[in-house]
Every structure is written in structure tokens, then in C-alpha cells.
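These notes are about the structure you will find just below.
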């Protein structure tokens, strides 16, 4: 039964990608103007988005509950991990926002997700610091600090993209995300 559900969702996803309105073929691949909106006109896309957000939010809630249950007094690392999970949780609920609010809510909850990513990197540095020399440790945390201006611009680009203000910033900034992550 679960395999059939998975195959059905995969077919919906394939159909959604094939019908994506933002790609036009004119002899070569170009991006055309598109509006970003909640997938309410396409039930398959809505189901796929709701399932993916539900799974993400559910897993974050379970991890937060386990972290809370295992917390010890006076351990900063446990508090930071719990904060990281709580900040990311809200981003899995934007499918419930109606269309005029959809872009604002999505862009706003992405701020918490971005802060969560940065906090995750700081937590990783805290865990790895005992195994690193001083110079390597400074380089590690320095790269995290140097990436923060990119994330500020990414927040602006998300807001303009998901509120149909401008696609330019998003199209220019988004390809750099993998480098700064």
C-alpha cells in the first residue's frame, strides 16, 4: 500500500515538473516570467507540497521532543540544538496560508530556517572544535561568519520572488546557495 502511494506521488511530481510554467524552449533553455503562488489549482502539486511539509515538520517536532527529553541542566549545546529545531519548524507550515498571505508567510518562515542553518553550522563548529587546531578552528568559524551577508541577501531575494515583486535578485543569488551553505 505504501509503495503504491509512493508511486502515485512520484507520478504527480513527474507530471508537475513536466508542466512547470517557468521553462520555455526556444532552441535553448531560457527562463520566462512566472508568478509564484500557492499550488491550489493543481491538486497533485498541493498534495505533494503538503506531504513534504508534513514530513519535514513532523520529523523536526520528533527531534525537538527527543532533544527536550534528553536535555541536561547547564549544557548550552542542548539548548542551541533545541533552538535550531524550533526555528526551522515554522517553515513547514506555509502550505496552510491563503494566497494573498502565502508569499509573506513563506518568506518570513524562511528567515527562521536560514537562522537555523547558520546555527547548525555553529553547533557543528562547537562539536568539532576540540579536534581542530587553533588556525583551522578560526578558519571554520570565519567561513560561517563570512557567509552571513549572503544569507541576508537571500532573505531579500526570497521575499521579492515569493511575493512576485522581482525575479531578478532570486535568479542571480540562488545559484550561489550551495557555495554558502
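Residue numbers (this note's numbering): 17 to 197.
Just so it is clear, CB atoms sit at the ideal spot from N, CA and C, and this is done for glycine as well.
Euclidean distance between Cα positions of residue i and residue j
i	j	result
residue 135	residue 96	8 Å
residue 180	residue 89	46 Å
residue 189	residue 173	7 Å
residue 62	residue 71	14 Å
residue 185	residue 154	31 Å
residue 130	residue 163	11 Å
residue 146	residue 105	30 Å
residue 92	residue 56	43 Å
residue 197	residue 133	8 Å
residue 78	residue 137	21 Å
residue 84	residue 166	32 Å
Residue i in three-state terms, based on DSSP
i	result
residue 158	helix
residue 58	coil
residue 93	helix
residue 195	helix
residue 99	helix
residue 87	coil
residue 3	Outside the shown range of the chain (17 to 197) lies residue 3, about which nothing can therefore be said.
residue 164	helix
residue 69	helix
Residues of its chain near residue i, where Cβ-Cβ distance is below 6 Å and the 5 sequence neighbours each way are ignored
i	result
residue 87	94
residue 69	108, 111
residue 121	110, 113
First through last residue of the alpha helix (DSSP H) which encompasses residue i
i	result
residue 182	Element bounds for residue 182: n/a, residue is neither H nor E.
residue 142	115–144
Residue-level contact to chain B via CB, residue i, 8 Å cutoff
i	result
residue 104	Any reference to chain B falls outside this structure, which holds one protein chain only.
beta-carbon residue i near the ligand GDP non-hydrogen atom, thresh 7 Å
i	result
residue 121	No copy of the ligand GDP occurs in the structure displayed, which carries no ligand at all.
Nonlocal neighbours in the same chain, by C-beta distance under 8 Å from residue i, ignoring five residues either side
i	result
residue 118	53, 54, 110, 178
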